[in-house]
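Chains as they are written, first to last, in the working numbering: chain A, 1 to 200; chain B, 1 to 200; chain C, 1 to 200; chain D, 1 to 200. These notes are about the structure you will find just below.
Number of protein chains: 4
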Amino acid sequence: MPKIVDKAAMREAILQAALLVFQAKGYHAARMSDVATEAGLAKGTLYLYFASKEEMTAALAEGYFREIELRFMPEQPAESLDEFIEGLRTALSFGEEEARSIPVFFEVFGPSFTTDAFSQQVSKFFETLGECYGEHLSHLQTKGALSKQHNPSQLGRALAAMLDGLVLHRGLFGVPTERYVAMVDSALLLFRAGLSPAHD
Amino acid sequence: MPKIVDKAAMREAILQAALLVFQAKGYHAARMSDVATEAGLAKGTLYLYFASKEEMTAALAEGYFREIELRFMPEQPAESLDEFIEGLRTALSFGEEEARSIPVFFEVFGPSFTTDAFSQQVSKFFETLGECYGEHLSHLQTKGALSKQHNPSQLGRALAAMLDGLVLHRGLFGVPTERYVAMVDSALLLFRAGLSPAHD
Amino acid sequence: MPKIVDKAAMREAILQAALLVFQAKGYHAARMSDVATEAGLAKGTLYLYFASKEEMTAALAEGYFREIELRFMPEQPAESLDEFIEGLRTALSFGEEEARSIPVFFEVFGPSFTTDAFSQQVSKFFETLGECYGEHLSHLQTKGALSKQHNPSQLGRALAAMLDGLVLHRGLFGVPTERYVAMVDSALLLFRAGLSPAHD
Amino acid sequence: MPKIVDKAAMREAILQAALLVFQAKGYHAARMSDVATEAGLAKGTLYLYFASKEEMTAALAEGYFREIELRFMPEQPAESLDEFIEGLRTALSFGEEEARSIPVFFEVFGPSFTTDAFSQQVSKFFETLGECYGEHLSHLQTKGALSKQHNPSQLGRALAAMLDGLVLHRGLFGVPTERYVAMVDSALLLFRAGLSPAHD
DNA sequence: GATGAATGAGAATTCATTCAT
DNA sequence: TATGAATGAATTCTCATTCAT
Chain A
1 MPKIVDKAAM REAILQAALL VFQAKGYHAA RMSDVATEAG LAKGTLYLYF ASKEEMTAAL
61 AEGYFREIEL RFMPEQPAES LDEFIEGLRT ALSFGEEEAR SIPVFFEVFG PSFTTDAFSQ
121 QVSKFFETLG ECYGEHLSHL QTKGALSKQH NPSQLGRALA AMLDGLVLHR GLFGVPTERY
181 VAMVDSALLL FRAGLSPAHD
Chain B
1 MPKIVDKAAM REAILQAALL VFQAKGYHAA RMSDVATEAG LAKGTLYLYF ASKEEMTAAL
61 AEGYFREIEL RFMPEQPAES LDEFIEGLRT ALSFGEEEAR SIPVFFEVFG PSFTTDAFSQ
121 QVSKFFETLG ECYGEHLSHL QTKGALSKQH NPSQLGRALA AMLDGLVLHR GLFGVPTERY
181 VAMVDSALLL FRAGLSPAHD
Chain C
1 MPKIVDKAAM REAILQAALL VFQAKGYHAA RMSDVATEAG LAKGTLYLYF ASKEEMTAAL
61 AEGYFREIEL RFMPEQPAES LDEFIEGLRT ALSFGEEEAR SIPVFFEVFG PSFTTDAFSQ
121 QVSKFFETLG ECYGEHLSHL QTKGALSKQH NPSQLGRALA AMLDGLVLHR GLFGVPTERY
181 VAMVDSALLL FRAGLSPAHD
Chain D
1 MPKIVDKAAM REAILQAALL VFQAKGYHAA RMSDVATEAG LAKGTLYLYF ASKEEMTAAL
61 AEGYFREIEL RFMPEQPAES LDEFIEGLRT ALSFGEEEAR SIPVFFEVFG PSFTTDAFSQ
121 QVSKFFETLG ECYGEHLSHL QTKGALSKQH NPSQLGRALA AMLDGLVLHR GLFGVPTERY
181 VAMVDSALLL FRAGLSPAHD
């Protein structure tokens, strides 16, 4: 299966090049020839690995979301509020390089994209993430580690949206890392205080 | 005597048509002729009111942001935590029609847009909104209506991002209004609990 | 018939404006609205006086050629070589303002112009001018005032072309008046020497 | 392996097609698609060889002027009046095909053309040609082969303009070759007589 | 007559995709 | 498999002309 390995590696290399180009020029402004040049290939060669610009972009997005899921989806429910909060902090921590990809997906997931399959994929992801957070919060509530006033399910989905807000603002507006970290700290401090059952 | 037209009204009507078309097809896929048809005009007529597609979009965005500012920027600092929270609730309440505009601006503000003047405009807006929230929080803190553990300035900016997250998720993923309201309720409940000085 | 007088005057005024605009921007780049503005009229008004841009240009050209004919066509045959030469000098003497019109007609008479009626009109003009010069030369030859080695008819046409060359170069390349006058002097000196029967 | 094409040859072929189309319809009326069709190519292909219609035209003009220069610029000063005159005759002799290009350049060099770089190029050419003739005339004068009454420098420039007049009239007004040759003969006869020092 | 808003045919140019080599 | 020349559909914007007022 060496050919398959090559093919996969080539696809990966092309996607890497595509991401760079998309970051630099934006999806719509990026030409396939730019991607080819960046990848050190000829234009036509791209089509041996991807049927179209759209399919290429879909593959790029898929990879992106696999990573996102890995970071945001906690494997195991937190056993304490602190643990839950720290899990969020970890999820929200990512490098500057990765932050630069955000605008790309911001653009690609918009309605501009021919198929709205992406939009739905992302929608589903946040739905799932919200449910996941909901379950964890529910678990914490059961253990008395979370104020009873909260509705875990709804709060979980809201949390997912709010965290995404933080992430997006970093990526879209180029918030410096230091500033972003301070924002995350503030938000998590607020969350902890608000979630705490201390004075139910 | 020539036909007498209310230039401003015509611009408004064209922008209305443009928004509809952009909502339906996305900014990039929308052709000027689509906008013209929707507005019941000929292609060329659009150019009597806007120099280019880009300028038209800029005008659209400007109007959008004027409205956004009106809704989000509290005129006066809240005098109590409840008042502050209710202010946020009001800001977060908007109709379904308006929610449909969000993807349009999501697309337009991306790097795809030729001039990044928009991106900067939006960036600036959230910076200002963050500062505004920061001042209000600071005011509340001074009055003892806000837990002392929070840094008003940083939390203000984080709040702006998180609220934007809620709004964007509604608009982008078509969250039904009812569901959205529940999410907002959850979030505001969390905020109130977290901000409360009750047990400093 | 006051209306007719007005109409003619208006046409004249519009043509004047058109000439200015054409001089400044060139025929193709000049828009009807430019002409209207220059004439202090509305676009639509032009069409009350000229059926189209083309007809307007035709009228402009016609006026131009009437003037040209007046200057170049000698009314009476010269009775001496000197008189003939001085007639040419007079024809070749025209103001800077008029020189600025040359490029306009240069452009308009080209094949770009939809109808080639102009081209033919000009062609005919030079044919006639050539014949005219031919007759005068023949007359001089009969009187012994012109070297017998020349063929009046052919030389007449050649003369017309060569004088046009001088005129065109002045207009097209912006030769300063002083320089142009020197060129004309040189050419006429050459003509006189060449035409002289002195040593047949 | 990609198709191998001789880029220079392709450009040449396209220019050839463009010239034909321009001759037939005029520069302004000619569409890029006309040129493409004439060249047996698709519209887009033209843009692989020329960045724009303007650049294509510039290339066409450049080639034209290279040829013109070759024909008109005498390599070596004439050693006798006869030789000088014969040099002019050679320069003025060109085929009918070439005569058909004249209107194209007549149109292109007008003020209609966006950049007036051409206009200046042509202006410069005739300036140089005039100087060149001036020097040769001066040389002849020194040798006593030219009447002392002439100012070589001024006459040189005037000569350039007058010869251009002959050439232009042939091209623009479709003077039949035979007729044109007769005109040239007449003109050269006149020049020789006028330049001759015979009776200073 | 005068106006200028509206029209829409038309043209240059771009770029994803194909395919001969 | 790799190439990059060729393709042509698609889109923005212009401007001569029309016509309701």
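Beta carbons: idealized from backbone N, C-alpha and C, even for Gly.
Query: Same chain only: Cβ atoms within 8 Å of Thr114(B), ignoring 5 sequence neighbours per side; Result: For Thr114(B), the predicted model reports a pLDDT of 47, less than 50, meaning its position is unreliable; a value from the coordinates is still stated below. Only Glu54 meet the Cβ criterion.
Query: Distance, Leu189(C) Cα to Pro197(C) Cα; Result: 14 Å
Query: Cross-chain neighbours of Phe191(A) in chain B, by beta carbon under 8 Å; Result: Leu190, Gly194
Query: N- and C-terminal bounds of the alpha helix (DSSP H) containing Arg31(C); Result: Careful: Arg31(C) lies outside any alpha helix (DSSP H) and carries neither H nor E.
Query: Below-9 Å beta-carbon distance, Leu20(C) vs any chain D residue; Result: no
Query: Ser147(C) versus Gly171(D) - alpha carbon distance; Result: 30 Å
Query: Alpha-carbon spacing of Ala182(B) relative to Gln154(A), whole angstroms; Result: 7 Å
Query: Cβ of Ser123(B) within 9 Å of any chain A Cβ; Result: yes
Query: Alpha helix (DSSP H) segments (min. 4 residues) lying fully within the region 8-71 of chain B; Result: 32-39, 43-49
Query: Beta-carbon gap between Pro152(C) and Glu135(C) smaller than 9 Å; Result: yes
Query: The region 1-15 of chain B: positions lying closer than 9 Å to chain A by Cβ; Result: none
Query: Coil, strand or helix - Ile4(D) by DSSP; Result: coil
Query: Buried/exposed call for Ser80(D), threshold 16 Cβ in 10 Å; Result: exposed
Query: Own chain, CB closer than 6 Å to Ala17(D), minus 5 neighbours either side, in chain order; Result: Val35, Glu38, Ala39
Query: Cα-Cα separation between Ser138(D) and Glu131(D), rounded to whole angstroms; Result: 10 Å
Query: Nearest-angstrom Cα separation, counted from Leu15(A) out to Met1(A); Result: Low local confidence applies: a pLDDT of 37 at Met1(A) is under 50, so the model's placement there is unreliable, with the coordinate-based value given in what follows. Roughly 21 Å separates the two Cα atoms.
Query: Cutoff 8 Å; reference Leu19(A); Cβ partners in own chain excluding five residues on either side; Result: Leu60, Ser101, Val104
Query: Test: Ala173(D) CB closer than 9 Å to a CB of chain C; Result: Contrary to the premise, residue 173(D) reads as Phe rather than Ala in this sequence. It does: the Cβ of Phe173(D) has a partner Cβ on chain C nearer than 9 Å.
Query: Distance between Pro77(A) and Leu163(A) (C-alpha atoms, nearest Å); Result: 18 Å
Query: Under 9 Å from the C-beta of His150(A): neighbouring residues of chain B; Result: Ser186, Leu189, Leu190, Ala193
Query: Any C-beta of chain A under 9 Å from that of Ala160(B); Result: yes
Query: As assigned by DSSP and simplified to three states, the class of Gln120(D); Result: helix
Query: Neighbourhood of Leu129(D) by C-beta, 7 Å cutoff - its chain only, sequence neighbours within 5 removed; Result: Phe72, Met73, Ala160
Query: 9 Å Cβ cut-off: residues of chain D touching Asp163(C); Result: The displayed chain sequence assigns Leu, not Asp, to residue 163(C). Neighbours of Leu163(C) on chain D, chain order: Met162, Gly165.
Query: Distance cut-off 8 Å: Glu79(C) Cβ against heavy atoms of the ligand NAP; Result: In the structure shown, the ligand NAP is absent, as is every other ligand, since no ligand is present at all.
Query: Nearest residue (CA-CA) to Glu83(A), options Tyr133(A), Phe94(A), Leu168(A), Ala42(A); Result: Tyr133(A)
Query: Where Met208(D) meets chain C, residues with beta-carbon distance less than 7 Å; Result: Look at the range of chain D in this structure, 1 to 200, and you will see that residue 208(D) is not part of it.
Query: Phe22(C) to Thr57(C) span [Cα, whole Å]; Result: 10 Å
Query: Under 9 Å between C-beta atoms of Ala193(D) and Ala193(C); Result: yes
Query: Euclidean distance between Cα positions of Ser33(D) and Ala42(C); Result: 35 Å
Query: Per-residue DSSP class, three states only, for Val167(D); Result: helix
Query: Ala78(A), enclosing alpha helix (DSSP H) - first and last residue; Result: Where Ala78(A) is concerned, there is no enclosing alpha helix (DSSP H), given that its DSSP letter is neither H nor E.
Query: Spatial neighbours of Val175(A) in its chain, beta-carbon cut-off 8 Å, leaving aside the 5 residues before and after; Result: His169, Met183
Query: Contact set between Leu168(C) and chain D, taken where Cβ atoms lie within less than 8 Å; Result: Ala161, Asp164, Gly165, Leu168
Query: Interface flag, Ser147(B) vs chain A, CB-CB below 9 Å; Result: yes
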